[in-house]
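This report refers to the structure that appears directly beneath it.
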Amino acid sequence: MTSWIDDEAEALEAAVAPLSARAAAARPAPYLDGLNPDQRAAVETLDGPVLILAGAGTGKTRALTTRIAHLLHTGRARPNQILAVTFTNKAARDMRSRVGSLVGGVVEGMPWLGTFHALSVRILRRHAELVGLKSNFTILDTDDQVRLIRQIVQAHRIDEKRWPPRLLAGLIDGWKNRALTPARVPASESSAYDHRGAELYAEYQDRLRTLNACDFGDLLLHVLRILQGHPDVLAQYQRWFRYILVDEYQDTNVAQYLWLRLLAASHRNICVVGDDDQSIYGWRGAEVGNILRFEKDFPGTAVVRLERNYRSTAHILAAASALIAANEHRLGKTLWTETPGGEKVRLIGHWDGEEEARWIGEEIEALGRGTRGLDPVRPDGIAILVRASHQMRAFEDRFLTIGLPYRVIGGPRFYERQEIRDAMAYFRVAVSPDDGLAFERIVNVPKRGIGDKALQEINRTARASGVSLLDAAGLLVANGGLPPRAHAALGQLVDGFDRWHAAVRDGHDHLELAEAILEESGYTDMWRAEKSPDAQGRLDNLKELVKALGEFENLQGFLEHVSLVMENETDEGAEKVSVMTLHAAKGLEFPAVFLPGWEDGLFPSQRSMDASGIKGLEEERRLAYVGITRAERLCTVSFAANRRVYNQWQSQLPSRFVDELPAAHVEVLTPPGLYGGGFVAAAPGRSTLADTVAKADVYNSPGWKRMQARAGERPVSPPREAREMVIDATASAAFEAGTRVFHQKFGYGTVADVEGDKLAIDFEKAGRKNVVARFVTAADAVPF
DNA sequence: GTCTGCGAGGTTTTT
DNA sequence: CCTCGCAGAC
Numbered sequence: 094m095t096s097w098i099d100d101e102a103e104a105l106e107a108a109v110a111p112l113s114a115r116a117a118a119a120r121p122a123p124y125l126d127g128l129n130p131d132q133r134a135a136v137e138t139l140d141g142p143v144l145i146l147a148g149a150g151t152g153k154t155r156a157l158t159t160r161i162a163h164l165l166h167t168g169r170a171r172p173n174q175i176l177a178v179t180f181t182n183k184a185a186r187d188m189r190s191r192v193g194s195l196v197g198g199v200v201e202g203m204p205w206l207g208t209f210h211a212l213s214v215r216i217l218r219r220h221a222e223l224v225g226l227k228s229n230f231t232i233l234d235t236d237d238q239v240r241l242i243r244q245i246v247q248a249h250r251i252d253e254k255r256w257p258p259r260l261l262a263g264l265i266d267g268w269k270n271r272a273l274t275p276a277r278v279p280a281s282e283s284s285a286y287d288h289r290g291a292e293l294y295a296e297y298q299d300r301l302r303t304l305n306a307c308d309f310g311d312l313l314l315h316v317l318r319i320l321q322g323h324p325d326v327l328a329q330y331q332r333w334f335r336y337i338l339v340d341e342y343q344d345t346n347v348a349q350y351l352w353l354r355l356l357a358a359s360h361r362n363i364c365v366v367g368d369d370d371q372s373i374y375g376w377r378g379a380e381v382g383n384i385l386r387f388e389k390d391f392p393g394t395a396v397v398r399l400e401r402n403y404r405s406t407a408h409i410l411a412a413a414s415a416l417i418a419a420n421e422h423r424l425g426k427t428l429w430t431e432t433p434g435g436e437k438v439r440l441i442g443h444w445d446g447e448e449e450a451r452w453i454g455e456e457i458e459a460l461g462r463g464t465r466g467l468d469p470v471r472p473d474g475i476a477i478l479v480r481a482s483h484q485m486r487a488f489e490d491r492f493l494t495i496g497l498p499y500r501v502i503g504g505p506r507f508y509e510r511q512e513i514r515d516a517m518a519y520f521r522v523a524v525s526p527d528d529g530l531a532f533e534r535i536v537n538v539p540k541r542g543i544g545d546k547a548l549q550e551i552n553r554t555a556r557a558s559g560v561s562l563l564d565a566a567g568l569l570v571a572n573g574g575l576p577p578r579a580h581a582a583l584g585q586l587v588d589g590f591d592r593w594h595a596a597v598r599d600g601h602d603h604l605e606l607a608e609a610i611l612e613e614s615g616y617t618d619m620w621r622a623e624k625s626p627d628a629q630g631r632l633d634n635l636k637e638l639v640k641a642l643g644e645f646e647n648l649q650g651f652l653e654h655v656s657l658v659m660e661n662e663t664d665e666g667a668e669k670v671s672v673m674t675l676h677a678a679k680g681l682e683f684p685a686v687f688l689p690g691w692e693d694g695l696f697p698s699q700r701s702m703d704a705s706g707i708k709g710l711e712e713e714r715r716l717a718y719v720g721i722t723r724a725e726r727l728c729t730v731s732f733a734a735n736r737r738v739y740n741q742w743q744s745q746l747p748s749r750f751v752d753e754l755p756a757a758h759v760e761v762l763t764p765p766g767l768y769g770g771g772f773v774a775a776a777p778g779r780s781t782l783a784d785t786v787a788k789a790d791v792y793n794s795p796g797w798k799r800m801q802a803r804a805g806e807r808p809v810s811p812p813r814e815a816r817e818m819v820i821d822a823t824a825s826a827a828f829e830a831g832t833r834v835f836h837q838k839f840g841y842g843t844v845a846d847v848e849g850d851k852l853a854i855d856f857e858k859a860g861r862k863n864v865v866a867r868f869v870t871a872a873d874a875v876p877f
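So the first sequence is numbered by my numbering: it starts at 94 and just counts up by one.
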């Protein structure tokens, strides 16, 4: 089990010996060609702390990978002396392959290039005993974590309704992100769970140790503890890792920051790359403060700013820059580009969310044909970026209707599906019979008549005899004491695991074994017998799972991989439009980007603002910035006046971000296109973008009518509604408190308050709502 | 121990 | 509205 670890240690120690004087400066470095001066500085400033502030699209990854190539080329470090940290497996893979192509594949591997978590596992396996674990500890996924916490909460007789386990799991995660041990949890945050939050946390840690398991946060924290408590170990790693590079530094949390600071403390050869304007993971513990503070933490830092953008046109860049300028706490960058003008950012308002989806569908088809003087944009060059995943449905529905190929990125992930987790739990017990959590998961899946009662009995026996759950189950079967049905079923299961574990030990072909486990346990039969429509899909997934096993040498290797790599298979290369959340879009780029749903409350999200106030709003604004800067040539922002939320119509106000877009770089479109002139005069003294969009007379245009005729199959917003909107807009100045009004979706009501064109109205049926004046008519004007 | 009906709640997500 | 999780009936 530990052999590779020892080999590696040897290799690393050997590597510490002075490098041969293999001519650094003398040899040419072709990879430097084509870098701009800033990028060169980022690559060539090798010693001491370096902070690379890399705006969107400025060649950040290129700088980082070239820097690694340069370290290798100049002989500053061998591949295994570079610690390169990323956040996602995808980023790690990208970096690996790009370094490979830069140095011509001469360099064998880079063992210490990976995610914080993967690297931590590597370190932790070597020193597990220092934190009371065995080196074959298991890594819990969120599911296991919550189940374990539920047990603890139940044991304390705490009301699960009031204090859901999931909430505590979230709190514990938050504490771990901040590197807080149970003893250090501030009293003020422990008030939940009857002031026993920290106590429950401590108990959870005890349980983990007993189970020889870690959750994700522990991977980092245990390594921290080891490095802090064992100077000799720390010194060893500091010697091994001569150069440290960190990608997406703005996303690091406190624990990760401490982790890095320890490892970099001696030589301080740490280079971090990031963009404070793209920090969008505050809600899961990322500390923008880390990057804002870097220069203070590492005095003498060389700061390199990458400000030349190679991705977007000038208008897109200007719009993004103006928007993000509204944020207060920034390091500040001035992005520039030599790509001239191009299309302005397009802005369009719609009647409702369905029309928005319909319009975007048509735009995509138009883009495919080549429109507005642009070269045709193929589907895979187009992305729709939404704030929240529920927004994706409208697009999926629409695209299915018109037969537009699309893919959703970031849906439920393969390894998080129930059937996959169940199967994996079987594998886990077969590999490590001690894995109690996995055993509990599948002991009654498929139904074996082993319910709470029997499980309690197993648990009691396990505790009494100090053995694992599986062994306890074996004891119970041997000694009797269970109802006949449970007895027989459990006996069969225990026998099964005996067999399967033996097969693992004997090195049986793991593909065959996996299939046998799923068959003999009755697991696949369970799904075959299931009548529900998705049962077949689940069986297919299981086949897929077994196939994926083929890429690994054995079950252990596979399980280890999956515990750290929970990502989806991406069918890349397909000619499909991408639909994803803004979060998922970070790091990607597309010729054409659609940003729908820019409405207050949806984006910026009300919940973010409620939870974190101005800080939350600023993070939302960064999200908007990330969205716009994904676009290379065409960026289209849209919002709808009405949206169905939980099947209730809700009137929406345009996002404040719409008004923050600079008018000079924005073109206001008239939906659905064509030549309907906006005849509603702009109200004097007001000229925000949102107003401009509202005033364009959309619905009286010939284009609109033609569109409706064409749409045929399904009635779109009735023209009368639309015409009324226009009438309303004209009359909007006239509303005053007390006016009786009518709204298409909410019915009759009375104006309670007027603020500009925004009205607070008490509706008779729907209660108090905030509505833009143009969506409302004076009650007597309704033609009934 | 398993099945059915009722009520609550319903951002973002990687490892 | 639709999904999930829990409590009560078989």
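Note that the Cβ used here is the ideal one computed from N, Cα and C, for glycine as well.
Measure the alpha-carbon distance for residue i versus residue j and round it to whole angstroms.
i: A211; j: V178; result: 9 angstroms
i: A418; j: G150; result: 18 angstroms
i: N229; j: D473; result: 43 angstroms
i: V326; j: G720; result: 43 angstroms
i: S810; j: A845; result: Its pLDDT being 34, under 50, S810 is placed unreliably in this model, and the coordinates cannot settle the point.
i: T763; j: A476; result: 22 angstroms
i: A582; j: E713; result: 53 angstroms
i: E637; j: S656; result: 17 angstroms
i: A566; j: G584; result: 8 angstroms
i: G197; j: I337; result: 22 angstroms
i: M800; j: A134; result: A caution first: M800 carries a pLDDT of 37, below 50, which makes its placement in the model unreliable, though a value can still be read off. Cα to Cα, the separation comes out at about 55 angstroms.
i: L241; j: T235; result: 10 angstroms
i: K546; j: D252; result: 20 angstroms
Quick one, which of the options has its alpha-carbon nearest residue i's?
i: T208; options: V136, L353, R169; result: L353
i: L586; options: D599, I543, V597; result: I543
i: I363; options: D369, Y374, Y350; result: Y350
i: A280; options: A272, E292, N270, K269; result: E292
i: L497; options: V672, E637, L128; result: V672
i: H758; options: V847, K437, Y508; result: K437
i: V761; options: I441, D515, V597; result: I441
i: G435; options: A411, N420, L424, E713; result: A411
i: N647; options: A607, P142, Q629, L681; result: A607
i: G378; options: K269, G454, D564; result: K269
i: N740; options: D445, P469, L260; result: D445
i: D599; options: F651, I854, L716, V524; result: V524
i: L355; options: F391, L385, W376, A162; result: F391
i: G650; options: G127, I232, I161, A221; result: I232
Compute the distance between the beta-carbons of residue i and residue j, then report whether it is under 8 angstroms.
i: R749; j: Q743; result: no
i: L164; j: A170; result: yes
i: Q343; j: G367; result: yes
i: P258; j: V278; result: no
i: P539; j: Y616; result: yes
i: R189; j: L176; result: no
i: E753; j: N634; result: no
i: L569; j: E550; result: yes
i: N129; j: L226; result: no
i: L312; j: V214; result: yes
i: G694; j: F732; result: no
i: A724; j: V686; result: yes
i: W429; j: H443; result: no
Can you give the beta carbon distance from residue i to residue j, rounded, assuming they're within the 8 angstroms contact cut?
i: Q371; j: K679; result: 6 angstroms
i: I271; j: A348; result: A small fix is needed here, since residue 271 is Arg in this sequence, not Ile. Indeed, because the Cβ distance is near 7 angstroms, the residues count as touching under 8 angstroms.
i: L195; j: T167; result: Going by Cβ atoms, the distance from L195 to T167 rounds to 13 angstroms, so no, they are not a contact pair.
i: R506; j: L146; result: Actually they are not in contact, since the Cβ atoms of R506 and L146 sit about 32 angstroms apart, beyond 8 angstroms.
i: R491; j: A450; result: 4 angstroms
i: V316; j: L217; result: 6 angstroms
Subject >> Residue ranges of each alpha helix (DSSP H) within the segment 275-317, 4 or longer >> reply: You should have 285-288, 290-304.
Subject >> Segments of 4+ residues assigned as alpha helix (DSSP H) that fall wholly inside the segment 620-650 >> reply: Every alpha helix (DSSP H) of 4 residues or more that sits fully in the segment 620-650 is shown, in chain order, as 628-642.
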